[in-house]
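As numbered in the numbering used here, residues 9 to 357 make up the sequence shown, in order.
For glycine and all other residues, C-beta sits at the position ideal for the given N, C-alpha and C.
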Amino acid sequence: MMNRTLVKHTILISLLSSPLAFAQADDSERNYVPEDIEKKSAQVNGWDKYLGIGLYGTINENSNVVGKDDGQSTTLGFKLAGALDLKEGQSEWLNSLDLLVAYSRTPLIPQYLKSDDSLALESLYKYYLESTPWFGAFAQVNLDTAIFAGYDTQGEEVDYRRVTLDGNTTDFRSDREKLTDGFKPFRLRESFGALATPLKSDPVTIDFKLGIGLRQVFADGQFIASDFQDDNGSGRLLTEIESFEKAGYEVGTEIKGSLQEKRVKYSLKANVLFPVYDSLEEDGDDQSTFDKRVIDVSGKASFQLVEWASIDYLLTVTRDPGITDKSQVSQSMLFSLNKVLAERQKKAE
């Protein structure tokens with residue numbers, strides 16, 4: 009009797025456990041994916057795009073405040089950011105557009121004046137060797153300019169001195185003088201060479217570039233403003249600049265990434281061109297290649313507060329002796345209301 013009961017229990021346990029065992033084996037076979045295929049499926053291949061717009065502004069009102077002018081200060085701005093990328097196998101083609109325009113008004117000058125105006129386009133092609141996936145080649149084109157005309161504006165009439173390329177000097181008084189036309193100066197930069205990406209991840213991606221660089225600046229008939237002082241007084245000096253071309257060897261780097269589930273994004277790009285050829289170079293010029301170097305730095309940090317609002321910090325630094333001996337530095341801190349019109353694809357988990 010006891011043996012018969014034991015046999016029944018054994019048969020019952022076997023019948024109950026067999027479907028479970030078969031299900032586990034079947035599920036294990038069905039869910040097995042080779043590691044290399046799984047990694048490829050997590051990548052976004054093909055075309056990917058992004059387009060977002062933003063509005064930002066500030067209003068400040070002062071009345072009888074010690075150390076401040078009475079009246080209202082206002083800034084109104086617009087930004088546009090877009091990208092169109094293609095990733096296939098060992099190749100990446102990355103295209104980006106950034107536009108920023110802002111106008112400000114202060115109690116000292118009660119009219120809206122341009123405070124920000126920049127248009128930047130970049131097209132970058134990368135090809136990584138299959139045998140060495142962190143090393144390859146690149147080709148890149150950059151364009152940057154301003155959309156609207158630029159002016160030198162003063163709170164009251166001052167002495168101006170305009171100096172043209174042919175040496176003619178004109179003195180006059182004014183409170184506002186035009187410096188540049190729309191889309192001028194117009195700067196193009198092309199480069200190609202070797203590329204190394206020793207670290208590539210969402211938190212941090214680092215690129216190093218070494219190659220040949222070309223640069224063209226279209227600036228005929230445009231002026232830069234600075235202060236002058238001589239025995240007869242002081243004022244504003246308007247100096248005409250001209251178009252030029254440069255070529256040489258170039259080094260560059262880019263660090264970018266995202267944190268906090270992509271709520272924080274950052275990027276920093278730096279390129280240095282050491283000109284071997286300079287169309288502005290005159291006979292007897294004893295400046296070294298290092299002294300004639302051209303530096304371009306751009307940085308951005310974006311903090312996504314909510315889906316429709318962000319704080320952005322923007323930085324651009326340019327040193328180009330062909331335009332001016334001084335470094336051109338621009339910084340902006342923006343609180344923006346944003347709308348995403350086209351969102352990037354999400355990587356498969």
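Local conformation of Ser344 per DSSP, three classes: Taking the sequence shown and counting its residues from 1, the one referred to as residue 344 is at position 336. Under the three-state reduction of DSSP output, Ser344 falls in the strand class.
Considering only C-alpha positions, which residue in the set Leu108, Ala157, Glu100, Leu107 is nearest to Ser131? Looking up residue 131 in the sequence shown gives position 123. The shortest C-alpha separation from Ser131 is found at Glu100.
Measure from the alpha carbon of Glu258 to the alpha carbon of each residue in Thr83, Asp210, Gln148, then state which is nearest. Residue 258 sits at position 250 when you count from the first residue of the sequence shown. Minimum Cα-Cα distance from Glu258 among the listed residues Thr83, Asp210, Gln148 corresponds to Gln148.
From Asp167, Lys334, Ser81, Thr188, residue whose alpha carbon lies closest to that of Ala154: Sequence index remark: in the sequence shown, residue 154 carries index 146 (1-based). The option with the nearest alpha carbon to Ala154 is Thr188.
What span of residues does the beta strand (DSSP E) with Ser139 cover, start to end? The count along the sequence shown starts at 1 and reaches residue 139 at position 131. First-last for Ser139: undefined, no H or E at that position.
At which residues does the beta strand (DSSP E) containing Ala91 begin and terminate? Walking along the sequence shown from the start, residue 91 turns up at place 83. Ala91 -> beta strand (DSSP E) spans 79-96.
Return the residue from the list Glu69, Leu127, Asp160, Lys270 that minimises the CA-CA distance to Gly90. In the sequence shown, counting from the first residue as 1, residue 90 sits at position 82. The residue from Glu69, Leu127, Asp160, Lys270 with its alpha-carbon nearest to that of Gly90 is Leu127.
Using 8 Å as the threshold, is the stretch 187-205 in touch with the stretch 215-231, meaning 3 or more CB pairs across them? Judged by pairs of C-beta atoms under 8 Å, the stretch 187-205 touches the stretch 215-231, as three or more such pairs exist.
Runs of beta strand (DSSP E) lying entirely within the stretch 140-217, each at least 3 residues, in chain order: Correct list: 143-153, 158-171, 177-188, 194-208.
For Ala110, the three-state DSSP class (helix, strand or coil): Looking up residue 110 in the sequence shown gives position 102. DSSP places Ala110 in strand when its eight states are reduced to three.
Buried or exposed for Tyr136, please, with buried defined as at least 16 other CB atoms from any protein chain shown within 10 angstroms of its CB. Taking the first residue of the sequence shown as position 1, residue 136 is located at position 128. Per the 10 Å Cβ criterion, buried.
Are three or more beta carbon pairs between the stretch 262-277 and the stretch 234-246 nearer than 8 Å? The stretch 262-277 vs the stretch 234-246: no contact.
Residue range of the beta strand (DSSP E) that includes Arg244: Against the sequence shown, residue 244 aligns to sequence position 236. Arg244 -> beta strand (DSSP E) spans 241-249.
When you measure from the CB of Leu245 to every non-hydrogen atom of the ligand NAP, does any distance come out below 7 Å? Judged by which ligands are present, the structure shown has none, so any question about the ligand NAP falls away.
Please state if the CB of Gly330 and the CB of Phe252 are separated by a distance shorter than 8 Å. Sequence index remark: in the sequence shown, residue 252 carries index 244 (1-based). Sequence index remark: in the sequence shown, residue 330 carries index 322 (1-based). Gly330 sits close to Phe252, with the two beta carbons spaced by under 8 Å.
Can you check whether the CB of Asp78 is closer than 8 Å to the CB of Asn70? As a first step, residue 70 must be located in the sequence shown, where it is residue number 62. As a first step, residue 78 must be located in the sequence shown, where it is residue number 70. A contact, by the Cβ cut-off of 8 Å.
Kindly give me the distance between the Cβ atoms of Gln339 and Leu349, rounded to whole angstroms, as I take these residues to be in contact under 8 Å. As a working mapping, residue 339 is identified with position 331 in the sequence shown. As a working mapping, residue 349 is identified with position 341 in the sequence shown. Not a contact, Cβ separation roughly 27 Å.
Which class does Leu105 belong to by DSSP, given the choice of helix, strand or coil? By one-based count along the sequence shown, residue 105 stands at place 97. DSSP, reduced to helix, strand and coil, places Leu105 within a strand of the structure shown.
Going by C-alpha to C-alpha distance, which of Leu203, Glu262, Leu59 sits closest to Ile214? Here residue 214 is taken as the residue at index 206 of the sequence shown, counted from 1. Minimum Cα distance to Ile214 is reached at Glu262.
Less than 8 Å between the CB atoms is what I'm expecting for Ala309 and Asn346, so what's the real figure, rounded? Numbered from its first residue, the sequence shown carries residue 309 at position 301. Numbered from its first residue, the sequence shown carries residue 346 at position 338. About 15 Å; that fails the 8 Å criterion.
Going by the CB atoms, is the gap between Gly163 and Leu102 shorter than 8 Å? Numbered from its first residue, the sequence shown carries residue 102 at position 94. Numbered from its first residue, the sequence shown carries residue 163 at position 155. Cβ atoms of Leu102 and Gly163: not closer than 8 Å.
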